[in-house]
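Trainee: This structure is in structure tokens; I'll ask about it shortly.
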Amino acid sequence: MRYPVITRFFCILLSFTATPVFSENLIYQWIEQNKTFFSDRPHADARVITLPETQSHYKVKRVVDGDTVLLDDGTKVRLLGINTPELANRHQSAEAGGKRAKQWLTEQLQGETVRLETDVEKTDKYGRTLAHLFTDADVHVNAQLVRLGLAAVSLYPPNLKYADSLIAAEAVAEKQRLGLWNDAAYALKPLGQLNPDNQQGWQRITGVVKNLRQSRQYYYLEFSGNFNARIHRSNAHLFPDFSTYVGQAVEVRGWINRQQGQLSMLIRHPDALRL
1295 MRYPVITRFF
1305 CILLSFTATP
1315 VFSENLIYQW
1325 IEQNKTFFSD
1335 RPHADARVIT
1345 LPETQSHYKV
1355 KRVVDGDTVL
1365 LDDGTKVRLL
1375 GINTPELANR
1385 HQSAEAGGKR
1395 AKQWLTEQLQ
1405 GETVRLETDV
1415 EKTDKYGRTL
1425 AHLFTDADVH
1435 VNAQLVRLGL
1445 AAVSLYPPNL
1455 KYADSLIAAE
1465 AVAEKQRLGL
1475 WNDAAYALKP
1485 LGQLNPDNQQ
1495 GWQRITGVVK
1505 NLRQSRQYYY
1515 LEFSGNFNAR
1525 IHRSNAHLFP
1535 DFSTYVGQAV
1545 EVRGWINRQQ
1555 GQLSMLIRHP
1565 DALRL
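To convert, count from 1 in the sequence shown and add 1294; that's the working numbering.
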């Protein structure tokens, strides 16, 4: 990941240096066009920084859903790097697998002590703490949900800590057809079967990229059938050259909405855009 300095947090990070060996806690800093950037990947002329450990222990008061818990101090925690199906609420019906994910998480964590590890962004727009959870036995809860097929990987740069282990866990669950990967609701759909009137929920779509276009903010991979996948320019460095996707059959994973009259899926990480 790469992002400009925007908070005093990064000023603190500059005092931590380490040798250039890839690690979950190493960040690479460099200056480009008079702007300072950070990445979890090596970069030419980059300075290596070690993220300080951000861990603490709390007791889980209540499990809200498959990827959210409430701690005994009132903090609501959203598990990083994953997504579980939604439960029923006044705005939408239940998604397949949502109850199963919440039940498993409740059995594992209700009343238990967990260790939190945060990443670059500490909270989301709803004020929830963003974290990876670990049990007293050092089980990575986020990864375990994925490994059992109860959650899908959903990476939001710049929060890419444990990205590789989450992706590996998902590969195992998908290969073994566990949970979500054995549920018709999340089966891979050809683009021609996309229902323009039903855009709710996480989906997997496959089709051939017909064209590449750009705007000031996004790269657009255009498919047939009034559908595109868009990637914000701030995340473009994570991907290969976008022209390599043109003419290729690809799978996209995520949520669909309408953008400028077209059905569109926002792609934040290459894991959600697969050749």
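Glycine included, every Cβ here is placed at the ideal spot set by N, Cα and C.
Of the choices 1414, 1362, 1383, 1372, whose alpha-carbon is the least far from that of residue 1396?
Mentor: Here the question's residue 1396 lines up with position 102 in the sequence shown. Closest by alpha carbon: 1362.
Trainee: For residue 1533, which three-state DSSP category applies?
Mentor: As a working mapping, residue 1533 is identified with position 239 in the sequence shown. Residue 1533 falls in the coil class under three-state DSSP.
Trainee: Just tell me which of 1560, 1546, 1520 has its CA closest to the CA of residue 1499.
Mentor: In the sequence shown, residue 1499 corresponds to position 205, counting from 1. Nearest of 1560, 1546, 1520 to residue 1499, Cα basis: 1546.
Trainee: Under 7 Å between C-beta atoms, does residue 1409 make it to chain B?
Mentor: Although the question refers to chain B, the structure presented lacks it and comprises just one protein chain.
Trainee: With a threshold of 8 Å on Cβ separation, who are the neighbours of residue 1475 within its own chain once the five nearest residues in sequence on each side are excluded?
Mentor: By 1-based counting over the sequence shown, the position of residue 1475 is 181. Counting only Cβ-Cβ distances below 8 Å, and skipping sequence neighbours, we find 1443, 1467, 1468.
Trainee: Give the secondary structure of residue 1568 by DSSP, where H, G and I count as helix, E and B as strand, and everything else as coil.
Mentor: Sequence index remark: in the sequence shown, residue 1568 carries index 274 (1-based). The answer is strand: DSSP assigns residue 1568 an E or B state.
Trainee: Please list the segments of the beta strand (DSSP E) lying wholly inside the stretch 1478-1510, counting only runs of 3 or more residues, in order along the chain.
Mentor: For the stretch 1478-1510, whole beta strand (DSSP E) runs of length 3 or above, ordered along the chain, are 1497-1508.
Trainee: My assumption, with CB atoms under 8 Å, is that residue 1406 sits in contact with residue 1342. Please give the rounded CB distance.
Mentor: As a first step, residue 1406 must be located in the sequence shown, where it is residue number 112. As a first step, residue 1342 must be located in the sequence shown, where it is residue number 48. The Cβ separation is near 36 Å, so there is no contact.
Trainee: With DSSP collapsed to three states, give me the class of residue 1362.
Mentor: Mapped onto the sequence shown, residue 1362 falls at position 68. It is a strand residue.
Trainee: Residue 1453 to residue 1424, Cα distance in whole Å?
Mentor: Start at 1 with the first residue of the sequence shown, and residue 1453 comes out as number 159. Start at 1 with the first residue of the sequence shown, and residue 1424 comes out as number 130. The straight-line gap from Cα to Cα measures roughly 9 Å.
Trainee: Hey, would you say residue 1400 sits closer than 7 Å to residue 1357, going by beta carbons?
Mentor: The residue given as residue 1400 occupies position 106 in the sequence shown. The residue given as residue 1357 occupies position 63 in the sequence shown. Cβ atoms of residue 1400 and residue 1357: closer than 7 Å.
Trainee: Given this structure, state the Cα-to-Cα distance separating residue 1374 from residue 1494, to the nearest angstrom.
Mentor: As a first step, residue 1374 must be located in the sequence shown, where it is residue number 80. As a first step, residue 1494 must be located in the sequence shown, where it is residue number 200. Going by the C-alpha atoms only, they are around 21 Å apart.
Trainee: Hey, quick one: how far does the alpha helix (DSSP H) through residue 1459 stretch, first residue to last?
Mentor: The count along the sequence shown starts at 1 and reaches residue 1459 at position 165. Note, residue 1459: alpha helix (DSSP H), 1457-1469.
Trainee: Along the chain, which unbroken stretches of the alpha helix (DSSP H) at least 4 residues long are found entirely within the stretch 1406-1463?
Mentor: Fully enclosed alpha helix (DSSP H) runs of 4 or longer: 1435-1441.
Trainee: Any idea what DSSP makes of residue 1528, helix, strand or coil?
Mentor: Taking the first residue of the sequence shown as position 1, residue 1528 is located at position 234. Helix.
Trainee: Could you work out which residue in 1403, 1366, 1359 is closest to residue 1383 when comparing CA atoms only?
Mentor: Mapped onto the sequence shown, residue 1383 falls at position 89. The shortest C-alpha separation from residue 1383 is found at 1359.
Trainee: Would residue 1437 and residue 1459 be called neighbours here (beta carbons separated by less than 7 Å)?
Mentor: Translated into positions along the sequence shown, residue 1437 becomes position 143. Translated into positions along the sequence shown, residue 1459 becomes position 165. A contact, by the Cβ cut-off of 7 Å.
Trainee: Please list, in chain order, all residues of the same chain as residue 1566 whose beta carbon is under 6 Å from its beta carbon, the five residues on each side excluded.
Mentor: Sequence index remark: in the sequence shown, residue 1566 carries index 272 (1-based). 1547, 1548.
Trainee: Over what stretch of residues does the beta strand (DSSP E) that includes residue 1545 continue unbroken?
Mentor: The sequence position of residue 1545 within the sequence shown is 251, counting from 1. Here the beta strand (DSSP E) through residue 1545 covers 1543-1548.
Trainee: Taking only the alpha-carbon atoms, compute the straight-line gap between residue 1457 and residue 1491 and give it to the nearest angstrom.
Mentor: Residue numbering aside, residue 1457 sits at position 163 when the sequence shown is read from its first letter. Residue numbering aside, residue 1491 sits at position 197 when the sequence shown is read from its first letter. Roughly 33 Å separates the two Cα atoms.
Trainee: Let me know the secondary structure DSSP gives residue 1562 once reduced to three states.
Mentor: The count along the sequence shown starts at 1 and reaches residue 1562 at position 268. Note: residue 1562 maps to coil in three-state DSSP.
Trainee: When the Cα atoms are used, what is the spatial distance from residue 1558 to residue 1489?
Mentor: Residue mapping note: residue 1558 aligns to position 264 of the sequence shown, counting from 1. Residue mapping note: residue 1489 aligns to position 195 of the sequence shown, counting from 1. Each residue's Cα considered, the two are about 13 Å apart.
Trainee: Give every residue of the same chain whose Cβ lies closer than 8 Å to the Cβ of residue 1508, excluding the five residues on either side of it in the sequence, and list them in chain order.
Mentor: The count along the sequence shown starts at 1 and reaches residue 1508 at position 214. So the list reads 1514, once near-sequence residues are dropped.
Trainee: Please state whether the Cβ-Cβ distance between residue 1533 and residue 1485 is less than 7 Å.
Mentor: As a first step, residue 1533 must be located in the sequence shown, where it is residue number 239. As a first step, residue 1485 must be located in the sequence shown, where it is residue number 191. No; because the gap between Cβ atoms is not below 7 Å, this pair is not in contact.
Trainee: Are residue 1427 and residue 1408 closer than 7 Å when you measure CB to CB?
Mentor: Here residue 1427 refers to the residue found at position 133 of the sequence shown. Here residue 1408 refers to the residue found at position 114 of the sequence shown. It is a contact, given that the beta carbons lie within the stated cut-off.
Trainee: What residue does the beta strand (DSSP E) around residue 1516 start on, and which one ends it?
Mentor: For this step, residue 1516 is matched to residue 222 along the sequence shown. Segment 1512-1517, the beta strand (DSSP E) holding residue 1516.
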